[in-house]
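Only one structure is covered here, and it is reproduced in the block below.
Numbering (our numbering), first residue to last: 5 to 646.
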């Protein structure tokens with residue numbers, strides 16, 4: 005298990021620094037190897053913005069990091085209530101990390117609801133910074149506090165820092181021509197300034213951000229910057245914060261390169277743009293806004309200069325219909341959605357299977373069924389991606405494992421779609437979409453060549469010597485049919501959902517032809533070239549933990565903890581879920597026990613058991629939150645010992 009505090013050597017160094025600071029009349033500075041901070045308040049308190057800014061400065065400082073935004077589904081949930089609490093958790097370190105952390109070391113609670121909703125996640129000894137101005141009798145009664153938790157001794161096991169954030173912010177902005185309500189809105193910036201002092205975060209980036217964000221309202225920009233500086237100065241001068249902390253840059257965690265902080269949805273959007281450039285095709289997005297996929301539409305709409313066209317349709321069906329039309333017209337076509345939208349798009353996905361056109365269906369999975377938990381994460385759409393269409397309609401399935409990996413997964417999905425002329429499902433989820441981590445910006449020559457050759461003329465000779473174009477004459481290696489752009493002379497052909505005759509593409513009701521076409525479409529997907537699954541097994545373990553998608557971080561962190569404790573366990577993670585890597589069966593056979601953790605009720609486990617006849621054990625969670633590393637480590641230890 006990785007310690008949440010510094011090593012003895014680091015503590016000794018920190019003590020020396022502390023003594024030097026005290027001798028100089030300044031505050032003690034302690035060195036830590038990692039910290040987990042959670043900002044929590046009402047959904048109108050700006051906790052996501054606060055967390056984003058702290059994350060950006062942390063990334064620029066050079067720490068490794070991982071984030072977990074968590075917010076209500078309502079645009080403006082009831083103020084001061086438990087369902088209305090919005091939080092942002094950030095884990096940053098001087099070494100390689102994989103998750104947003106199991107338990108916060110520091111909680112910033114802007115009101116009683118934020119404290120009550122999050123106190124159960126805090127370990128004893130954690131620091132709690134509370135906005136005392138919000139702890140009124142009415143606010144406390146709203147969440148079930150009969151007495152003030154700041155005074156009844158219930159927080160004695162924590163390091164409590166009562167700070168009148170609202171009062172201090174209003175006082176700092178008294179020279180501005182703002183109403184009290186307007187001034188109070190800057191209290192999140194005061195809190196951000198305090199935490200920036202506490203953890204030695206850079207400040208220039210945040211001030212520049214505020215000037216740009218409120219460029220049309222310079223007074224508001226100045227007020228927020230003043231509140232931010234006031235929070236920093238408060239930490240420097242108050243007696244309540246006697247210590248600040250240093251977390252050194254993670255210089256050994258990253259290969260050489262240029263890095264930026266990136267969320268999963270942003271990385272995916274950039275991956276789609278990169279894929280269109282590498283294919284030399286215009287990018288077309290036909291989409292209908294849905295949480296948590298909407299950010300991809302928002303981002304791609306900014307990149308018309310890269311040949312990107314975005315169409316916000318009237319509904320999910322129109323979105324994918326337009327995208328499929330764009331694919332027919334020669335574009336790299338994409339549609340983005342979440343689970344309920346995939347259900348609505350299913351008929352058109354089946355049409356894309358029949359037409360054998362490249363189309364990317366991006367599913368940012370969320371809690372279901374139906375509307376379910378729009379802002380919470382889940383990976384329960386795997387079986388829908390595999391089988392959620394009428395008839396035999398096989399579709400390749402690709403799943404990224406981290407926010408930054410969404411970039412590479414988008415390129416991989418585009419490669420498959422363009423090479424094999426097939427729709428492809430790209431399964432991300434809310435945890436990856438909204439979470440962020442450092443991403444090394446690739447060099448252009450590192451990107452794959454996705455160049456496509458359109459059909460240019462006749463490709464078949466009839467018995468009488470006539471040269472004709474057959475739209476379903478296939479490439480011998482990939483079984484892909486030719487991609488003929490409409491309007492190309494001599495390449496006119498039928499499209500539609502009715503079964504086509506092999507080769508000619510004419511409508512066919514012949515039973516033998518239908519059987520052949522069904523089997524050919526399946527063979528095309530089965531034959532897609534994907535890399536072998538890699539196994540991390542340094543000690544010859546008997547137990548394998550197999551994962552897919554966003555469980556990568558928690559699984560890998562749990563495996564590290566077990567190995568540090570002397571346990572032997574192997575790990576493998578799947579990006580390609582249809583088709584599976586060709587060596588997967590052989591890998592599974594090598595182990596006495598296979599454990600598959602999933603944020604569903606065992607969907608990958610079901611597929612593995614059916615295909616490979618392996619009695620895989622499921623470990624499942626569907627509470628809308630990602631796994632915790634300690635939780636998985638305990639479950640895997642039981643599997644090893646069982």
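Don't be surprised by glycine CBs; every beta carbon is placed ideally from N, CA and C. Fair warning: this is a prediction, and the values are worked out from it, not measured in the lab.
| request: Determine which residues share a DSSP beta bridge with residue 135 and list them. | output: What you label residue 135 is simply residue 131 of the chain shown in a count that begins at 1. Paired residue(s): 167.
| So, using beta-carbon positions, are residue 4 and residue 147 closer together than 8 Å? | No answer is possible for residue 4: it lies beyond the span of the chain, which begins at 5 and ends at 646.
| request: Report back the beta-carbon spacing between residue 323 and residue 292 to the nearest angstrom; my notes put them in contact at under 8 Å. | output: As a first step, residue 323 must be located in the chain shown, where it is residue number 319. As a first step, residue 292 must be located in the chain shown, where it is residue number 288. Correct: roughly 4 Å between the Cβ atoms.
| request: Given a cut-off of 8 Å, decide if residue 129 and residue 92 are closer than it, judged by their beta-carbon atoms. | output: Within the chain shown, the letter at position 88 stands for residue 92. Within the chain shown, the letter at position 125 stands for residue 129. No, these two residues do not count as a Cβ contact at 8 Å.
| What residues are listed by DSSP as bridge partners for residue 90? | By one-based count along the chain shown, residue 90 stands at place 86. Answer is 45.
| said: Assuming residue 332 and residue 499 are in contact, meaning their beta carbons sit under 8 Å apart, how far apart are those beta carbons, in whole angstroms? | reply: In the chain shown, counting from the first residue as 1, residue 332 sits at position 328. In the chain shown, counting from the first residue as 1, residue 499 sits at position 495. Right, their Cβ atoms sit about 7 Å apart.
| query | Are residue 437 and residue 268 closer than 8 Å when you measure CB to CB? | reply | Taking the chain shown and counting its residues from 1, the one referred to as residue 437 is at position 433. Taking the chain shown and counting its residues from 1, the one referred to as residue 268 is at position 264. Cβ distance < 8 Å, so residue 437 and residue 268 count as in contact.
| task | Give me the Cβ distance between residue 210 and residue 191, rounded to the nearest whole Å; I'm assuming they're in contact under 8 Å. | result | Position 206 of the chain shown, counting from 1, holds the residue named residue 210. Position 187 of the chain shown, counting from 1, holds the residue named residue 191. 15 Å between Cβ atoms; not a contact.
| message | Taking 7 Å as the cut-off, is the C-beta of residue 222 nearer than that to any heavy atom in the ligand ADP? | response | As far as ligands go, the structure on display features none, and thus does not contain the ligand ADP.
| task | Enumerate in chain order the residues of its own chain whose CB-to-CB distance from residue 397 is below 6 Å, with the five nearest sequence positions on each side excluded. | result | For the purposes of this step, residue 397 is taken as the residue at position 393 of the chain shown. So the list reads 354 and 357, once near-sequence residues are dropped.
| Helix or strand or just coil, what does DSSP make of residue 248? | Here residue 248 refers to the residue found at position 244 of the chain shown. Strand.
| field | Own chain partners of residue 328 with C-beta closer than 7 Å, once the 5 adjacent residues on each side are dropped | value | Numbered from its first residue, the chain shown carries residue 328 at position 324. Closer than 7 Å at Cβ, skipping near neighbours: 337, 352, 355, 356, 361 and 363.
| query | Which whole runs of the beta strand (DSSP E) in the segment 58-117 are 3 residues long or more, in chain order? | reply | 68-74, 89-97 and 110-113
| Can the beta-carbon of residue 278 be found less than 8 Å from the beta-carbon of residue 126? | Translated into the one-based positions of the chain shown, residue 278 becomes position 274. Translated into the one-based positions of the chain shown, residue 126 becomes position 122. Contact flag unset, no.
| the segment 215-231 contacting the segment 162-169, beta-carbon criterion three pairs below 8 Å | With a cut-off of 8 Å, the segment 162-169 and the segment 215-231 do not count as touching, because too few Cβ pairs lie within range.
| message | Does residue 205 come out as helix, strand or coil in the three-state DSSP assignment? | response | Mapped onto the chain shown, residue 205 falls at position 201. Residue state, collapsed to three classes: coil.
| query | Should residue 428 go down as buried or exposed, given a rule of 16 or more other Cβ atoms within 10 Å for buried? | reply | Locating residue 428 in the chain shown gives position 424, where the first residue counts as 1. With 16 or more other Cβ atoms within 10 Å, it is buried.
| said: Quick check: what's the CA-CA separation for residue 17 versus residue 58? | reply: Counted from its first residue, the chain shown places residue 17 at position 13. Counted from its first residue, the chain shown places residue 58 at position 54. With a pLDDT of only 39 at residue 17, under the threshold of 50, the placement of this residue in the model should not be trusted, and no figure is reported.
| query | If you drop the 5 nearest sequence neighbours on each side, which residues of the same chain put their C-beta closer than 7 Å to that of residue 76? | reply | Here residue 76 is taken as the residue at index 72 of the chain shown, counted from 1. So the qualifying residues of the chain are 47, 87, 88, 90 and 379.
| task | Over the uninterrupted alpha helix (DSSP H) stretch that includes residue 321, give me the two end residues. | result | Translated into positions along the chain shown, residue 321 becomes position 317. 320-332 is the span of the alpha helix (DSSP H), which, as asked, contains residue 321.
| task | In the DSSP assignment, find the unbroken alpha helix (DSSP H) run with residue 144 in it and report its ends. | result | What you label residue 144 is simply residue 140 of the chain shown in a count that begins at 1. Looking at the DSSP string, the run of the alpha helix (DSSP H) that includes residue 144 is 141-146.
| request: Using a threshold of 8 Å, state whether the C-beta atoms of residue 347 and residue 290 are closer than that. | output: Against the chain shown, residue 347 aligns to sequence position 343. Against the chain shown, residue 290 aligns to sequence position 286. Inclusion of residue 347 and residue 290 in the CB contact set at 8 Å is not warranted, their separation being larger than that value.
| request: Have a look at residue 166 and residue 30 and give me their C-alpha separation to the nearest angstrom. | output: By one-based count along the chain shown, residue 166 stands at place 162. By one-based count along the chain shown, residue 30 stands at place 26. Between residue 166 and residue 30, the C-alpha separation is close to 22 Å.
| said: Less than 6 Å between C-beta atoms, sequence neighbours within five positions excluded: which residues of the same chain meet that for residue 489? | reply: Taking the first residue of the chain shown as position 1, residue 489 is located at position 485. Result list for residue 489: 334 and 458, in chain order.
| Per the contact definition of three or more C-beta pairs closer than 8 Å, is the segment 637-644 in contact with the segment 561-574? | yes
| Looking only at its own chain, which residues have a Cβ that is under 8 Å from the Cβ of residue 626, when we skip the five neighbours before and after it? | Sequence index remark: in the chain shown, residue 626 carries index 622 (1-based). For residue 626, where only same-chain residues beyond five positions count, the Cβ hits under 8 Å are 371, 382, 384, 603, 604 and 605.
| request: Over the uninterrupted alpha helix (DSSP H) stretch that includes residue 368, give me the two end residues. | output: Position 364 of the chain shown holds residue 368. Note, residue 368: premise wrong, no alpha helix (DSSP H); beta strand (DSSP E) at 363-369.
| task | Going by CA-CA distance only, name the one from 254, 198 and 510 that's closest to residue 111. | result | Translated into positions along the chain shown, residue 111 becomes position 107. Ranking the options by Cα distance to residue 111, first place goes to 198.
| task | Report buried or exposed for residue 373, applying the criterion of at least 16 other Cβ atoms within 10 angstroms of its Cβ. | result | Taking the chain shown and counting its residues from 1, one reaches residue 373 at position 369. Its Cβ having fewer than 16 others within 10 Å, residue 373 is exposed.
| So, is residue 642 buried or exposed, given that buried needs 16 or more other C-beta atoms within 10 angstroms? | For the purposes of this step, residue 642 is taken as the residue at position 638 of the chain shown. Residue 642 should be labelled exposed.
| Expressed to the nearest angstrom, what Euclidean distance is found between the alpha-carbon atoms of residue 461 and residue 61? | Your numbering for residue 461 matches position 457 in the chain shown. Your numbering for residue 61 matches position 57 in the chain shown. Computed Cα separation, rounded: 56 Å.
| Taking Cβ positions, are residue 454 and residue 419 nearer each other than 8 Å? | Counting from one through the chain shown, the residue named residue 454 turns up at place 450. Counting from one through the chain shown, the residue named residue 419 turns up at place 415. For residue 454 and residue 419, yes; Cβs fall inside 8 Å.
| field | Top-ranked residue by Cα proximity to residue 411, from 81, 273 and 628 | value | If you number the chain shown from 1, residue 411 lands on position 407. With distances taken between Cα atoms, residue 411 lies closest to 273.
| request: Using a threshold of 8 Å, state whether the C-beta atoms of residue 576 and residue 537 are closer than that. | output: As a position in the chain shown, residue 576 is number 572, starting the count at 1. As a position in the chain shown, residue 537 is number 533, starting the count at 1. Closer than 8 Å, so yes.
| message | Which residue marks the beginning of the beta strand (DSSP E) containing residue 555, and which one marks its end? | response | On the chain shown, residue 555 is found 551 positions in, with the first residue counted as 1. No beta strand (DSSP E) contains residue 555, which DSSP labels as neither H nor E.
| said: Rounded to the nearest angstrom, what separates residue 543 and residue 566 at their Cα positions? | reply: For this step, residue 543 is matched to residue 539 along the chain shown. For this step, residue 566 is matched to residue 562 along the chain shown. It is roughly 12 Å from the alpha-carbon of residue 543 to the alpha-carbon of residue 566.
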